[in-house]
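For reference, the structure is listed below as structure tokens.
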Amino acid sequence: MDLTECAVGAQATVVGVDVPDHAGLRLRELGLRPGAVVAVTHDVGLQGRVVGVGAERFALDVRTCARIHVEPRA
Numbered sequence: 002m003d004l005t006e007c008a009v010g011a012q013a014t015v016v017g018v019d020v021p022d023h024a025g026l027r028l029r030e031l032g033l034r035p036g037a038v039v040a041v042t043h044d045v046g047l048q049g050r051v052v053g054v055g056a057e058r059f060a061l062d063v064r065t066c067a068r069i070h071v072e073p074r075a
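Structural data, given as structure tokens:
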């Protein structure tokens with residue numbers, strides 16, 4: 002499953018990030034790396050999602066969301 006499939010309010014654990022190296026570095030700097038728990042705070046439709054990692058909130062475009070693989074948390 003990827004972030005595009007997560008509903009608002011859902012929490013998930015990142016299991017993989019399949020983006021180019023330069024984007025992957027920035028996502029890791031933001032805390033979005035395998036093992037991180039993310040919460041989807043807003044769904045902006047075809048534009049992407051706003052996600053939270055810890056106290057940080059940031060927007061991701063839908064193409065990036067589709068490349069972030071997650072497992073839902075119970």
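Numbering of the sequence shown is given in our numbering, commencing with residue 2 and proceeding in unit increments. Even glycine gets a Cβ: it sits at the ideal position worked out from N, Cα and C. Just so it is clear, the structure is predicted and the values come from calculations on it, not from any experiment.
query                                                                                                              : result
For residue 58, three-class secondary structure by DSSP                                                            : strand
Where the alpha helix (DSSP H) through residue 25 begins and ends                                                  : 22 to 30
Short Cβ contact (7 angstroms threshold) for residue 47 with residue 71                                            : no
Residue 49 classed as buried or exposed, judged by whether at least 16 other C-beta atoms fall within 10 angstroms : buried
Inter-residue Cα distance where the pair is residue 16 and residue 39                                              : 11 angstroms
Coarse secondary structure for residue 17, derived from DSSP in three states                                       : strand
Span separating the alpha-carbon of residue 3 from that of residue 57                                              : 20 angstroms
Simplified DSSP assignment, three categories, for residue 46                                                       : helix
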